[in-house]
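**Q**
Numbering (UniProt numbering), first residue to last: 1 to 152.
1) DSSP has residue 70 in a bridge; who is on the other side?
2) When DSSP labels each residue in this structure, what does residue 22 get in the three-state scheme?
3) Determine the direct distance from the alpha carbon of residue 36 to that of residue 86, and round the result to whole angstroms.
4) Please name the residue or residues paired with residue 75 in a DSSP beta bridge.
5) Roughly how many whole angstroms lie between the Cα atoms of residue 22 and residue 29?
6) Compare the Cα-Cα distances from residue 75 to each of 84, 129, 32 and 69 and report the closest residue.
7) Note down, in chain order, each residue of its chain lying with its Cβ closer than 8 Å to the Cβ of residue 94, except the 5 sequence neighbours on either side.
8) For residue 43, would you say it is in contact with chain E, using Cβ-to-Cβ distances shorter than 8 Å as the test?
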């Protein structure tokens with residue numbers, strides 16, 4: 001039993017969907033498609049029809065047009081060199097890898113601990129200032145000097 005390339009069914013005649021070679025405007029001249037076909041084995045690359053390649057380009061070639069809350073793109077440089085700078089900020093809609101999930105969870109724990117530390121510190125300082133305002137002296141002859149510093 002001979003193996004044939006797995007082709008998707010098409011309503012177009014076979015002569016219309018064969019690769020068009022060097023004809024200007026061919027899907028094979030597209031930079032995204034050329035880069036894609038260069039990365040896969042030649043026998044697999046030759047099995048794609050123009051309509052399949054067009055669908056691949058539509059699915060994967062337009063990923064850069066995603067909407068971001070912050071999208072800053074600029075180029076800096078001089079006559080002989082230039083560097084591009086991109087800063088994107090937005091909601092992550094991708095599926096995270098296991099390593100990315102671990103890092104995201106570690107970041108959440110870190111920010112939760114830092115937030116708790118800040119809230120705890122603010123609460124303690126507030127209670128200390130209220131105690132000092134009311135004139136309550138829990139430890140005789142000892143003061144942090146915060147109330148004196150604020151009132152002077």
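A virtual CB, placed ideally from N, CA and C, is assigned to each residue, including glycine.
**A** Here's the rundown:
1) DSSP, once it has assigned bridges, lists 89 as partnering residue 70.
2) Reliability fails at residue 22, whose pLDDT of 46 lies under 50, so the model's placement of it is uncertain and no value is given.
3) Cα-Cα distance, rounded: 24 Å.
4) BP columns for residue 75 point to 84.
5) In this predicted model, residue 22 has a pLDDT of only 46, less than 50, meaning its place in the structure is not dependable; the value taken from the coordinates is given anyway. Approximately 8 Å, taken between the alpha carbons.
6) Looking at the Cα atoms, 84 is the closest of the given residues.
7) Setting aside the 5 residues that flank it on each side, residue 94 has no residue in the same chain whose C-beta is closer than 8 Å to its C-beta.
8) Considering every chain present, this structure includes no chain E. It has just one protein chain.
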